[in-house]
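Notes for the one structure printed next.
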Amino acid sequence: MSQKFSALQMAKDQIDDLDSKLLKRKLRTTKSACDVEITIDDRQLKAFCSNDYLGLANHPNLVEALAQGAKQYGVGSGASHLISGHSIAHDLLEKKLASFQSQHIPNTRALFFSTGYLANMAAITGLVRLAASGDVSIYSAALNHASLIDGVRLASAQTKATVAIFDHQNLDALDVMLSKDRHSLKIIVLDGVFSMDGDIAPVSKLIEIANQHNALLLIDDAHGFGALGQHGHGILEQFNVHSERIIYIGTLGKAAGVSGAFVCASAPFVEWLIQKGRPYIYSTATPPAIAHTVLKSLELIEGPEGIRRRQQLNQLITVWHQEMHFSHWEKVPSCTAIQPIILGSNANALAAAKLLDEAGYWIPAIRPPTVPIGSARLRVTFSANHSIEDLSELIHTLKIIEQKVIKGSQS
Numbered sequence: 005m006s007q008k009f010s011a012l013q014m015a016k017d018q019i020d021d022l023d024s025k026l027l028k029r030k031l032r033t034t035k036s037a038c039d040v041e042i043t044i045d046d047r048q049l050k051a052f053c054s055n056d057y058l059g060l061a062n063h064p065n066l067v068e069a070l071a072q073g074a075k076q077y078g079v080g081s082g083a084s085h086l087i088s089g090h091s092i093a094h095d096l097l098e099k100k101l102a103s104f105q106s107q108h109i110p111n112t113r114a115l116f117f118s119t120g121y122l123a124n125m126a127a128i129t130g131l132v133r134l135a136a137s138g139d140v141s142i143y144s145a146a147l148n149h150a151s152l153i154d155g156v157r158l159a160s161a162q163t164k165a166t167v168a169i170f171d172h173q174n175l176d177a178l179d180v181m182l183s184k185d186r187h188s189l190k191i192i193v194l195d196g197v198f199s200m201d202g203d204i205a206p207v208s209k210l211i212e213i214a215n216q217h218n219a220l221l222l223i224d225d226a227h228g229f230g231a232l233g234q235h236g237h238g239i240l241e242q243f244n245v246h247s248e249r250i251i252y253i254g255t256l257g258k259a260a261g262v263s264g265a266f267v268c269a270s271a272p273f274v275e276w277l278i279q280k281g282r283p284y285i286y287s288t289a290t291p292p293a294i295a296h297t298v299l300k301s302l303e304l305i306e307g308p309e310g311i312r313r314r315q316q317l318n319q320l321i322t323v324w325h326q327e328m329h330f331s332h333w334e335k336v337p338s339c340t341a342i343q344p345i346i347l348g349s350n351a352n353a354l355a356a357a358k359l360l361d362e363a364g365y366w367i368p369a370i371r372p373p374t375v376p377i378g379s380a381r382l383r384v385t386f387s388a389n390h391s392i393e394d395l396s397e398l399i400h401t402l403k404i405i406e407q408k409v410i411k412g413s414q415s
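First residue of the sequence shown? That's 5 in this note's numbering, and the numbers climb one at a time after it.
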């Protein structure tokens with residue numbers, strides 16, 4: 005048997021194994037713009053699964069800005085930021101992003117990345133290099149996003165950093181661990197809004213702990229930037245906190261509706277990442293037309309329209325809490341646009357998603373390893389483009405589907 009055939013057979017067997025455990029993922033191709041109604045397989049579905057929380061992904065002002073940006077800057081950047089790819093559009097965007105966090109991080113500076121994954125990898129692997137190998141400890145929340153987990157794993161492998169896992173809802177344990185830590189560099193790493201549960205990290209308490217134990221606090225606010233805070237500046241504005249210890253990471257492809265991500269921190273930290281953040285150094289810069297478009301998005305986010313859209317989002321969340329009640333399924337408490345429904349088994353989650361699809365809704369089943377075993381779920385997300393009527397219809401449909409799935413699992 006040839007090596008090539010052996011590897012192919014291994015791949016087929018592993019895929020079959022995933023399928024047998026109801027863990028195989030499948031792509032679905034949309035034919036329309038990102039919005040609350042999308043076209044899949046020539047069918048119109050109501051989408052309650054996007055991270056486009058403010059409904060900006062298909063906003064006419066942003067569509068026009070992208071066209072203008074392409075006319076002005078072309079469609080590519082040509083090289084990495086440190087070669088020739090850093091344009092005036094990138095520079096203006098970074099200055100604007102830094103201004104969003106200037107009330108919360110002293111001497112703040114921003115660095116723009118093409119994806120949130122790269123931003124997290126660069127920030128974590130770059131920061132650990134501030135100290136000698138083996139003289140770093142990282143405290144990572146148990147339910148962190150995969151990009152944070154991978155960044156921590158790579159940083160540990162590269163520098164022999166010690167890694168400890170903590171429960172973000174039990175900070176007393178984190179406090180105890182840090183009190184015994186004698187490393188010169190300590191970094192606490194966690195999501196601002198946890199993407200599968202929708203709960204918000206206790207940032208004020210975390211800053212107290214970071215101050216007490218001389219640690220950095222790295223917050224990935226992917227699901228909070230644009231949606232939280234009076235002006236949409238994110239979780240730091242929401243809690244009105246201020247610290248030079250904060251490394252803030254935001255995403256621009258969710259509430260901002262476009263693409264990319266950024267790191268905000270005190271200027272020396274950002275300068276260090278330019279020097280030592282390999283994902284930044286060795287990636288071709290995002291096209292400047294994208295940066296130009298994000299600038300327009302930021303105007304919308306902190307302006308009157310952004311305020312109105314966040315108010316609509318909060319109204320949807322309130323209605324959900326008041327009207328969505330299940331007899332068996334578990335509704336996870338969340339004050340954000342992410343509203344999970346725990347069904348437990350993979351089979352039940354897939355059955356519910358299928359019934360929703362038949363009823364004209366797109367809400368995919370979320371299964372392990374994205375969530376812990378036994379907690380397969382529907383991850384319902386709201387957009388400011390959803391109406392109260394849209395939500396009321398979904399609530400009615402979900403109540404019917406719950407009974408169908410329960411009856412099917414008992415038969």
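Each residue gets a CB set at the ideal place from its N, CA and C atoms; glycine is no exception.
Closest residue to residue i among the options (Cα-Cα distance)
| i | options | result |
| --- | --- | --- |
| L31 | G155, A369, A265 | A369 |
| H187 | G261, V167, S81 | V167 |
| D201 | K190, H217, H227 | H227 |
| K28 | S84, Q162, P372, G364 | P372 |
| L232 | H325, L152, L194, L317 | L317 |
| R133 | S54, S160, H325 | S160 |
| S301 | V262, F273, F330 | V262 |
| D179 | G230, L210, P206 | L210 |
| G364 | E397, A353, V336 | E397 |
| R113 | C53, H172, I250, A269 | A269 |
| T340 | H246, I213, T322 | T322 |
| K50 | S387, Q407, L347, S413 | S387 |
| F229 | S141, G254, N244 | G254 |
Those residues which DSSP pairs with residue i across a bridge
| i | result |
| --- | --- |
| E41 | K50 |
| R383 | P344 |
| Y252 | I223, C268 |
| S183 | S183 pairs with nothing; no bridge assigned. |
| E334 | I346 |
| T34 | I44 |
| L178 | BP columns for L178 are empty, so no partner. |
| D361 | The partner list for D361 (beta bridge, DSSP) is empty, contrary to what the question assumes. |
| I204 | V197 |
| L189 | V140 |
| A369 | L382 |
Distance, residue j Cα to residue i Cα
| i | j | result |
| --- | --- | --- |
| N174 | Q48 | 43 Å |
| S36 | Y284 | 32 Å |
| L60 | A11 | 44 Å |
| I87 | T288 | 9 Å |
| I204 | R313 | 20 Å |
| M5 | R157 | Low confidence applies here, because M5 scores a pLDDT of 48, under 50, leaving its location unreliable and the question unanswered by this model. |
| D17 | D139 | 42 Å |
| I410 | A380 | 15 Å |
| S103 | I109 | 10 Å |
| I44 | T290 | 29 Å |
| E98 | G264 | 12 Å |
| Q234 | Q242 | 7 Å |
| L402 | G155 | 37 Å |
| G80 | D23 | 39 Å |
| D21 | M14 | 10 Å |
| L26 | A351 | 7 Å |
| G120 | G257 | 9 Å |
| V67 | I405 | 37 Å |
| T374 | A356 | 18 Å |
| V274 | Q319 | 37 Å |
| N55 | N215 | 33 Å |
| N65 | D176 | 47 Å |
| A1 | I128 | The displayed coordinates of the chain run from 5 to 415. Any statement about residue 1 would go beyond what the structure contains. |
| E393 | I169 | 42 Å |
| L299 | A293 | 10 Å |
| A219 | D46 | 53 Å |
| L58 | S137 | 43 Å |
| A145 | H172 | 6 Å |
| D185 | A126 | 24 Å |
| D95 | L101 | 10 Å |
| I377 | Q326 | 29 Å |
| F198 | Q279 | 30 Å |
CB-CB length for residue i against residue j, believed under 8 Å
| i | j | result |
| --- | --- | --- |
| G310 | G236 | 5 Å |
| I305 | A260 | 7 Å |
| A123 | T297 | Going by Cβ atoms, the distance from A123 to T297 rounds to 18 Å, so no, they are not a contact pair. |
| L152 | D224 | 6 Å |
| F266 | L115 | 6 Å |
| I367 | C38 | I367 to C38, Cβ: 15 Å. No contact. |
| W425 | L354 | Because residue 425 is not part of the residues shown, which for the chain are 5 to 415, the question remains open. |
Hey, which unbroken runs of the alpha helix (DSSP H) at 4 residues or more fall wholly within the region 261-316?
If only uninterrupted alpha helix (DSSP H) runs of at least 4 residues are considered, those enclosed by the region 261-316 are 271-280, 282-285, 292-306.
Going residue by residue through the region 88-174, where are the continuous alpha helix (DSSP H) segments of at least 4 residues, counting only ones entirely within it? With a minimum length of 4 residues, the continuous alpha helix (DSSP H) runs that stay inside the region 88-174 are 92-105, 120-131, 150-163.
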